[in-house]
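In this note's numbering, the protein residues as written are 2 to 94.
Here's the structure, in structure tokens; my notes come after.
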């Protein structure tokens, strides 16, 4: 799953190998944008506590935090996996 703004959604939908196209929604969390693809209305089988976000690059200075509200569920922990991924796009199948 990836967000590729240069590819038209219609081109992806016409491909027989693609099950669904989920475009991320963008949120601003204190001068920092996060593009969230999951959870989404297009893929509701994904549980409510699984998130697929794309963010960055960003610079966080010591002593300055993000404007993020506390999570309403007690005892919920989050993990962020930072990765560098190279996507290979095929134009012919």
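Note that CB positions come from ideal geometry on N, CA and C, so glycine has one too.
Just so it is clear, the structure is predicted and the values come from calculations on it, not from any experiment.
Between residue 51 and residue 39, the gap from beta carbon to beta carbon is short of 9 Å.
In the DSSP assignment, residue 43 falls outside any beta strand (DSSP E) and carries neither an H nor an E. Of all alpha-carbon atoms in 64, 58, 15 and 25, the one lying nearest the alpha-carbon of residue 44 is that of 25. Cβ atoms of residue 22 and residue 28 stay farther apart than 8 Å, at about 20 Å.
Residue 59 holds the alpha-carbon nearest to the alpha-carbon of residue 33 among 59, 19 and 16. Contact between residue 37 and residue 54 is confirmed by a C-beta separation of about 5 Å, below the 8 Å threshold.
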